[in-house]
Structures are given as structure tokens and as C-alpha cells.
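Participant:
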Amino acid sequence: MAEHWVAREWGSPDAWRLESYDVAAPDAGELTIRVHAAGVNPADAKHVATARAGIQLPVPIGYEVSGVVTAVGPDTEIVTGPVAVGDEVIAFRVRGGYATELTVPAQKVLRKPATLSHPEASNLLLAGTTAAEMLHVSGARSGETVLLHGASGAVGVSVLQQAALQGIRVIGTASPGRFDTVSRFGGVPVAHGDGLEKRLRQALTRIGASGIDAALDAVGTDEAIDVSLAVVRDMNRIVTIAAAARAERHGFHAIAGSRPDSARFRDEARPRLVELAEQGRLEVPMAATYPLADAPAALRLLSQGHPGGKLALLP
Numbered sequence: 001m002a003e004h005w006v007a008r009e010w011g012s013p014d015a016w017r018l019e020s021y022d023v024a025a026p027d028a029g030e031l032t033i034r035v036h037a038a039g040v041n042p043a044d045a046k047h048v049a050t051a052r053a054g055i056q057l058p059v060p061i062g063y064e065v066s067g068v069v070t071a072v073g074p075d076t077e078i079v080t081g082p083v084a085v086g087d088e089v090i091a092f093r094v095r096g097g098y099a100t101e102l103t104v105p106a107q108k109v110l111r112k113p114a115t116l117s118h119p120e121a122s123n124l125l126l127a128g129t130t131a132a133e134m135l136h137v138s139g140a141r142s143g144e145t146v147l148l149h150g151a152s153g154a155v156g157v158s159v160l161q162q163a164a165l166q167g168i169r170v171i172g173t174a175s176p177g178r179f180d181t182v183s184r185f186g187g188v189p190v191a192h193g194d195g196l197e198k199r200l201r202q203a204l205t206r207i208g209a210s211g212i213d214a215a216l217d218a219v220g221t222d223e224a225i226d227v228s229l230a231v232v233r234d235m236n237r238i239v240t241i242a243a244a245a246r247a248e249r250h251g252f253h254a255i256a257g258s259r260p261d262s263a264r265f266r267d268e269a270r271p272r273l274v275e276l277a278e279q280g281r282l283e284v285p286m287a288a289t290y291p292l293a294d295a296p297a298a299l300r301l302l303s304q305g306h307p308g309g310k311l312a313l314l315p
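For the sequence shown, full-length UniProt numbering assigns the number 1 to the initial residue and increments by one for each residue that follows.
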């Protein structure tokens, strides 16, 4: 039998259970994956922290995995083409990725980039598609300058890489201890905290930019939103993934993968991100791996702030 993590009550990861279960045989349009790594994301815990409309307990945990195909249903192709037993694949926006094995719809599966390890590949798409959507919704284009709040986090690092490939300059906020990460991926680091707007304008002068064309918020603090509103003329070019209430109040964009328009965009973005990773143009920095049985410990570390890279669970 396989094992997977399940939330049977609302609350923290400490209330989850690692349970045995029978993996369903794949039907037409489905395949079974032996999980080699499961990506760890803040959303894994957030969506079962409190009761929500449309979500019923029990809830299998985990959105993205990397592994090897063990069974294929009839008439089945994945997003990137034909698939066979033994192929290395990644799956994104699945239900129950914190598992040793699972059966998933083929339209959620793509070939694994050979350039990435399983832990890296299991963390490619949630952060990557979020970053791609933020850039898209902001309308950022080549030659422009973007302010990025939370530049050293997982989404921020993917924004930095994708923006650089598009010719977009990024000034990214981070703690001084994370400046090297921002610089490594092409951003201009500035420290968050009191005086951010002044430091931002100094950075604009250093790089010869006339102003900030768009702002992307991956942290959701009042400082991030207030400074964005102060320096970006067009509120339609401010995008947040962490301050929905402020977005509604002021009229700028809040995006979330659970929304139909976001889900459609992210599905369309997946093959391009896989291609970039295969070309060595999109990295996934890792901080640590944990045994699958230690999933709550991994989530506790993530809740304490940026661990310096992504986390993955290894069955």
C-alpha cells in the first residue's frame, strides 16, 4: 500500500495524519506516479488551516510532485506528449502530492526537465507559474523597471529569472543577508524596512532608471503596498499574491491559483517553464529535503520565514 498525508480536521500540520491507502488504477486519461519528491509550499498548510467554502474534509495534502510513471491508463498522453512506464515526470495542481504514490489526471503531468533533480523539479511549477502570472498581469515588458517585494523568496527568485529573460530590470526587496541571492539572479537588491522608498529612489538613480513601471508583491506587508502605491502611477500595474484585502480596497490586482482565470494562465505557462528549465535558464534553488514522515517539521521551518531556498519531501 501507499502512504499519504491527510488533514482530517482543520488546523496546523501537527494535526495531519500519515495514512496508508490503496492507489487507484489509472483510467483513460490518467497515470500513476511513484513519487521521488514532493514540493513544499506555504499553500499546503494555508488551505486547511481553517474551514473554507467548497473544501470538505478529509483533504489529501500537497500540490506538486516529481517522480516516475508506474502505470498508464488507455488513450493517455501528458501535456508534453506521449508517456510510458518508467518516464520521469512532474505533476502540478494535483490533490495529495505528499505521498509515496498517486494516480493523477494526465493533463496535470509534464515531462521532468533532465537538468533538474527530483527535489528541484517538484518545486518548479507552483512558484514558476505564480511568477509568470505576476509579470503577465503587471504588463511588464522589455526595457521597463519593476519593483519586486520579497525578491529572495521562491516566487521572487523565479520572477527575477523570468524577468531577466524578458529584458525587464528588477529592483528587489530583501533582508541584507539575502542580497547575494537577489544579485545572483539579476536583481538590484534594496533592504526592506523603514526608509524603503528613499532607498528605492537611490537605487533608481544608480541604475539610471527614470521610475518604477510596475510593482509585484510577494510578501503582503503594509510597507510593500504603501511603497508600491507611492511609486507606481498606474494601479493596474500593481500585483499582489499576499494582500488581497488591500488590493480590493485600492483597486489593484490580487491573483491566486485557485481562481479560474489564474488557473488557465498557469496551465498555459507550464510547458514554457519546463522548456526554460531544460535549457538551463530557470533554476530552482534548494534549502533542504525532509523525509516524507517529517512533513510537519518542513512546514514549521517554512512558516518561520525564508529558509534560503525550496524544501522537498522524500518518500
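Beta carbons: idealized from backbone N, C-alpha and C, even for Gly.
If you're wondering where the values come from, they're calculated on a predicted model, not measured in any experiment.
1. Just the Cα atoms here: how many angstroms apart are residue 283 and residue 80?
2. Put residue 273 into one of helix, strand or coil per three-state DSSP.
3. Can you give the Cα-Cα distance for residue 89 and residue 38, rounded to whole angstroms?
4. Applying the criterion that 16 or more other CB atoms from any shown protein chain within 10 Å of the CB defines a buried residue, is residue 225 buried or exposed?
5. Report the three-state DSSP secondary structure of residue 141 (helix, strand or coil).
6. Along the alpha helix (DSSP H) that carries residue 217, what are the first and last residues, could you check?
7. Who does residue 83 pair with in a DSSP beta bridge?
8. Comparing alpha-carbon positions, which option in 50, 73, 91 and 69 lies nearest residue 63?
9. Buried or exposed: which applies to residue 111, given that a residue is buried once 16 or more other Cβ atoms fall within 10 Å of its Cβ?
10. Have a look at residue 60 and residue 19 and give me their C-alpha separation to the nearest angstrom.
11. Among the residues of its own chain, which have a CB less than 6 Å from the CB of residue 67, if the five just before and after it don't count?
12. Can residue 312 and residue 40 be called in contact, C-beta distance under 9 Å?
13. With 16 as the cutoff for other CB atoms within 10 Å, does residue 55 come out buried or exposed?
14. Name the residue from 122, 75, 1 and 196 whose alpha carbon lies nearest to the alpha carbon of residue 100.
15. Could you tell me if residue 180 is buried or exposed, where buried requires 16 or more neighbouring beta carbons within 10 angstroms of its beta carbon?
16. Whose CA, out of 163, 206 and 134, lies closest to the CA of residue 142?
17. So, with DSSP's three-state summary, where would you put residue 231?
18. Beta-carbon separation of residue 74 and residue 27 under 9 Å?
19. At which residues does the beta strand (DSSP E) containing residue 92 begin and terminate?
20. How would you write the range of the alpha helix (DSSP H) that residue 248 sits in, first residue to last?
Facilitator: Taking the structure as given:
1. Taking the first residue of the sequence shown as 1, we reach residue 283 at position 283. Taking the first residue of the sequence shown as 1, we reach residue 80 at position 80. Distance between the alpha carbons of residue 283 and residue 80: 20 Å.
2. Here residue 273 refers to the residue found at position 273 of the sequence shown. If DSSP states are grouped into helix, strand and coil, residue 273 belongs with the helices.
3. Sequence index remark: in the sequence shown, residue 89 carries index 89 (1-based). Sequence index remark: in the sequence shown, residue 38 carries index 38 (1-based). Their backbone Cα atoms lie some 12 Å apart in a straight line.
4. As a working note, residue 225 is residue 225 in the sequence shown. With 16 or more other Cβ atoms within 10 Å, it is buried.
5. Counting from one through the sequence shown, the residue named residue 141 turns up at place 141. Annotated three-state conformation of residue 141 is coil, per DSSP.
6. Here residue 217 refers to the residue found at position 217 when the sequence shown is read from its first residue. Where residue 217 is concerned, there is no enclosing alpha helix (DSSP H), although the beta strand (DSSP E) it sits in stretches over 214–217.
7. The sequence position of residue 83 within the sequence shown is 83, counting from 1. Per DSSP, none; premise fails for residue 83.
8. Within the sequence shown, residue 63 is the residue found at index 63, counting from 1. Out of 50, 73, 91 and 69, 91 has the C-alpha closest to the C-alpha of residue 63.
9. For the purposes of this step, residue 111 is taken as residue 111 along the sequence shown, with counting starting at 1. Buried: at least 16 other Cβ atoms inside 10 Å.
10. In the sequence shown, counting from the first residue as 1, residue 60 sits at position 60. In the sequence shown, counting from the first residue as 1, residue 19 sits at position 19. Going from the Cα of residue 60 to the Cα of residue 19 covers about 10 Å.
11. As a first step, residue 67 must be located in the sequence shown, where it is residue number 67. Excluding residues within five positions, the ones whose Cβ falls inside 6 Å are 33, 34, 35 and 36.
12. Residue 312 sits at position 312 when you count from the first residue of the sequence shown. Residue 40 sits at position 40 when you count from the first residue of the sequence shown. Closer than 9 Å, so yes.
13. Numbered from 1 along the sequence shown, position 55 holds the residue referred to as residue 55. Looking at its Cβ environment, which holds fewer than 16 other Cβ atoms inside 10 Å, residue 55 is exposed.
14. The sequence position of residue 100 within the sequence shown is 100, counting from 1. Comparing Cα-Cα distances from residue 100 to each of 122, 75, 1 and 196, the minimum goes to 1.
15. In the sequence shown, the residue the question calls residue 180 occupies position 180. Exposure of residue 180 is indicated by the presence of fewer than 16 other C-beta atoms within 10 angstroms of its C-beta.
16. The residue given as residue 142 occupies position 142 in the sequence shown. Out of 163, 206 and 134, 163 has the C-alpha closest to the C-alpha of residue 142.
17. For the purposes of this step, residue 231 is taken as the residue at position 231 of the sequence shown. DSSP, reduced to helix, strand and coil, places residue 231 within a helical segment of the structure shown.
18. Reading the sequence shown from its first residue, position 74 is the one you call residue 74. Reading the sequence shown from its first residue, position 27 is the one you call residue 27. Yes. Within cutoff.
19. As a position in the sequence shown, residue 92 is number 92, starting the count at 1. First-last of the beta strand (DSSP E) with residue 92: 88–92.
20. In the sequence shown, counting from the first residue as 1, residue 248 sits at position 248. Note, residue 248: alpha helix (DSSP H), 244–250.
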